[in-house]
Structure formats: structure tokens, C-alpha cells
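The sequence shown finishes on residue 239 if you use our numbering, and the numbering steps up by one all the way, no holes.
Encoded as C-alpha cells, the structure appears first; notes follow it.
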Amino acid sequence: MPQLPSHHTFSSPEAASEALASEISNLVSSRAAEGRSAVLGLATGSTPIRLYAELVRLHQQGLSFSNVITFNLDEYLGIGKDHPESYWQFMHSHLFEHIDIAAENIHIPDSGISEEGLEEYCTAYEKKISEVGGIDLQVLGIGRNGHIGFNEPGATPDLPTHVTELNKVTINDAADSFGGSENVPRRAITMGVKTILGARRVVLLAFGNSKAAIVQRALTPGVTAEVPATYLQLHGNTAYFLDREAGAQLD
Ligand code: F6R
-11 MPQLPSHHTF SSPEAASEAL ASEISNLVSS RAAEGRSAVL GLATGSTPIR LYAELVRLHQ
49 QGLSFSNVIT FNLDEYLGIG KDHPESYWQF MHSHLFEHID IAAENIHIPD SGISEEGLEE
109 YCTAYEKKIS EVGGIDLQVL GIGRNGHIGF NEPGATPDLP THVTELNKVT INDAADSFGG
169 SENVPRRAIT MGVKTILGAR RVVLLAFGNS KAAIVQRALT PGVTAEVPAT YLQLHGNTAY
229 FLDREAGAQL D
């Protein structure tokens, strides 16, 4: 039975990011007290930057990430991890270089996998998620076209981690950072909607006016492949953490 995700509108992106950092911190510490790992699914992009800054601050105040295992949602294909726009670089510069996570506990899809090895690589990525017991908490952003991860409009809900083609809106949105749309990779590896729906808890962050219309659409009852974020209505434990601007078109 579809169930609309809850939404919480905060006074600012900072306040929303602090609330999610606090939820993550509670999960990580309670698992540590039980001698267990916490498995986090992570996103890149401009939206989670404040979240990662807050997690770094909590680490400086004593929060350890030594029991944390992470899986990133996605990565561009064919650019290599040394490319300044790779998600590998993003995650290391915003988070991993500043916390005590073990290198072997970090999983980011590899943008340099050869064409022949891709299918096997995606299957192995998905298997690793299962082997550690699945994702406890998945952080998401949302594209202006409603994508989650790189599950673009038209995505089906049954796919695990796979190779996908980027949509025009996604390519245009990335054009500035790549110095022109012609330089934006056309393909990516992404967790599928199935992978995302497999997480025990999902928190989607969205900030700013440019996200208001798609957030309103994603939270309107009715699941459609044209707005992949509507698949989160099938999840049952998803929350949207918004700032006032992104929440402005909700009742
Ligand atoms: C990033 C990702 C994307 C972004 C989305 C929003 O790992 O999977 O779905 O979350 O494109 O990007 P920003 O935050 O830059 O608006």
C-alpha cells in the first residue's frame, strides 16, 4: 500500500542538515555501543555538503566512524577517480579525509571499470551491500527532473545497481562544473530504485526554490516512472528534510 513519505520543513538548510547529522550520529553511536556496524548510503551534489560538514564537526567533538560502512549511490562512468568532478574526489574532500572511517569500509562505484567488466562489477556492488546486512540509512538528494541517484525519468523500480544513461536535464545541470555540457559524461553507475527501496530508512534532503516544484510533485499521491522519487511512496520509512524554500509548494 503506497504511503506518502513524511516531510519536515526546517528554518534553513543548516538546520535540516544538523537534524540529519544528529540522526546519523545516534545510529552510529548506538550501533557502536552494541559492537555492531552502521551501514550508510551516501549521496553527492551540492545538497549534502552541509550534512558532511556537520558530521566532520561531530567527529571533531568525539564521534567515531570506525564502525561505519558506506556505499555511495552513484558515479559518472569513464572519468577516473582523479577527475576533479568524480564523486570519489567529492566524498574524500568533503567527508572521508576528515573522519576516522577505515578505507576498506568505503564503497564508491568505480568510474574506471572497463566496458566488459561493468555488469559483473554492478552485481558485486549489490552483493557487498547484502553481505553487510543492507543499508541502515540512505541519504538522498533529488534532481529537478525527479531523479534519485541517477535513476532518471522512465526508470523502473525493479533494478539493482546498474549502468544508466544520463538525462538531458541532468547533463545541463552538471554542465557548469564540467566546463560545458559536451564534457559531461553520458553514462553512470547507479544504485537502482530497488537498492534504494531496500534501505531500512531513507532521508531525502532538498533545499532552495529550484526544488520546490519537484518536491511538491514527488509528494503528490501516485507513483510514476516519470518522477522516480515517487517510488519512495512505496518505501514506508522515508522522510523529506526540507528548507522553507523547497517546501514552499506543499500544503
Ligand atoms: C548524487 C545524486 C543525485 C543528486 C541530485 C541533486 O549522488 O545521486 O541524485 O542528489 O542530482 O543534486 P544537487 O544536490 O547538486 O542539487
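Positions of the beta carbon are idealized from the N, C-alpha and C atoms, including for glycine.
For ligand 1, is there any heavy atom lying closer than 8 Å to the beta carbon of P209?
By 1-based counting over the sequence shown, the position of residue 209 is 221. Checking the Cβ of P209 against ligand 1 gives no.
What is the DSSP secondary structure of A90, reduced to helix, strand or coil?
On the sequence shown, residue 90 is found 102 positions in, with the first residue counted as 1. Reduced to three states, the DSSP call for A90 is coil.
What's the C-alpha gap between S54 and S13?
For the purposes of this step, residue 54 is taken as residue 66 along the sequence shown, with counting starting at 1. For the purposes of this step, residue 13 is taken as residue 25 along the sequence shown, with counting starting at 1. Roughly 12 Å separates the two Cα atoms.
Taking Y228 as the reference, give the member of R174, L154, E170 and G129 with the closest Cα.
Position 240 of the sequence shown, counted from the start, is the residue given in the question as residue 228. With distances taken between Cα atoms, Y228 lies closest to G129.
Within 10 Å of its beta-carbon, does Q48 have 16 or more other beta-carbons around it, so buried, or fewer, so exposed?
For this step, residue 48 is matched to residue 60 along the sequence shown. Classification for Q48: exposed.
Given 8 Å as the limit, tell me if T183 has its C-beta closer than that to any heavy atom belonging to ligand 1.
Position 195 of the sequence shown, counted from the first residue, corresponds to residue 183. No, since every heavy atom of ligand 1 falls outside the 8 Å radius drawn around the Cβ of T183.
Collapsed DSSP secondary structure at D62 in the structure displayed
Position 74 of the sequence shown holds residue 62. Note: D62 maps to strand in three-state DSSP.
N139 - partner residues in DSSP beta bridges:
Here residue 139 refers to the residue found at position 151 when the sequence shown is read from its first residue. Its beta-bridge partners are I136.
For ligand 1, any of its heavy atoms closer than 8 Å to the Cβ of Y40?
As a position in the sequence shown, residue 40 is number 52, starting the count at 1. It does not: the Cβ of Y40 is nowhere closer than 8 Å to a heavy atom of ligand 1.
Using a Cβ-based criterion (distance less than 8 Å to any ligand heavy atom), does E32 qualify as near ligand 1?
Locating residue 32 in the sequence shown gives position 44, where the first residue counts as 1. Just to set this straight, residue 32 is Thr in the shown sequence, not Glu. Result yes, Cβ under 8 Å from ligand 1.
Between the CA atoms of L83 and L43 - distance to the nearest angstrom:
Counting from one through the sequence shown, the residue named residue 43 turns up at place 55. Counting from one through the sequence shown, the residue named residue 83 turns up at place 95. When rounded, the distance between both Cα atoms is 8 Å.
Could you tell me the alpha carbon to alpha carbon distance between G23 and S102, rounded to whole angstroms?
Position 35 of the sequence shown, counted from the first residue, corresponds to residue 23. Position 114 of the sequence shown, counted from the first residue, corresponds to residue 102. Going from the Cα of G23 to the Cα of S102 covers about 38 Å.
Curious, which full-length beta strand (DSSP E) runs of at least 3 residues does the segment 184 to 231 contain?
189 to 194 and 226 to 231
What is the rounded straight-line gap between the Cα of E108 and the Cα of N93?
The count along the sequence shown starts at 1 and reaches residue 108 at position 120. The count along the sequence shown starts at 1 and reaches residue 93 at position 105. Roughly 20 Å separates the two Cα atoms.
Going straight from the alpha carbon of G196 to that of G131, what length do you get?
Here residue 196 refers to the residue found at position 208 when the sequence shown is read from its first residue. Here residue 131 refers to the residue found at position 143 when the sequence shown is read from its first residue. Cα to Cα, G196 sits roughly 12 Å from G131.
Could you name the residues that DSSP lists as bridge partners for Q126?
Indexing the sequence shown from 1 puts residue 126 at position 138. Looking at the DSSP assignment, Q126 forms a beta bridge with G29 and V190.
Cβ-Cβ separation, T58 to H95 (assumed contact under 8 Å), whole Å
For the purposes of this step, residue 95 is identified with residue 107 of the sequence shown, where counting begins at 1. For the purposes of this step, residue 58 is identified with residue 70 of the sequence shown, where counting begins at 1. Right, the Cβ-Cβ distance comes to about 6 Å (below 8 Å), so this counts as a contact.
Are the CB atoms of T226 and S(-6) within a distance shorter than 9 Å?
On the sequence shown, residue -6 is found 6 positions in, with the first residue counted as 1. On the sequence shown, residue 226 is found 238 positions in, with the first residue counted as 1. A contact, by the Cβ cut-off of 9 Å.
When you measure from the CB of N14 to every non-hydrogen atom of ligand 1, does any distance come out below 8 Å?
Taking the first residue of the sequence shown as position 1, residue 14 is located at position 26. Not so, every heavy atom of ligand 1 lies at least 8 Å from the Cβ.
Between the CA atoms of L192 and T178 - distance to the nearest angstrom:
Counted from its first residue, the sequence shown places residue 178 at position 190. Counted from its first residue, the sequence shown places residue 192 at position 204. Near 16 Å, if we compare the C-alpha coordinates of L192 and T178.
Quick check: what's the CA-CA separation for A9 versus F166?
Here the question's residue 9 lines up with position 21 in the sequence shown. Here the question's residue 166 lines up with position 178 in the sequence shown. Cα to Cα, the separation comes out at about 29 Å.
Note down the Cα distance separating P216 from V127, rounded to an integer number of angstroms.
What you label residue 216 is simply residue 228 of the sequence shown in a count that begins at 1. What you label residue 127 is simply residue 139 of the sequence shown in a count that begins at 1. Taking the straight line joining both Cα atoms gives about 15 Å.
Is N171 near ligand 1 - that is, is its Cβ less than 8 Å away from at least one heavy atom of it?
As a first step, residue 171 must be located in the sequence shown, where it is residue number 183. No - ligand 1 has no heavy atom lying nearer than 8 Å to the Cβ of N171.
How would you write the range of the beta strand (DSSP E) that E153 sits in, first residue to last?
On the sequence shown, position 165 is the one that residue 153 refers to. H150 to E153 is the span of the beta strand (DSSP E), which, as asked, contains E153.
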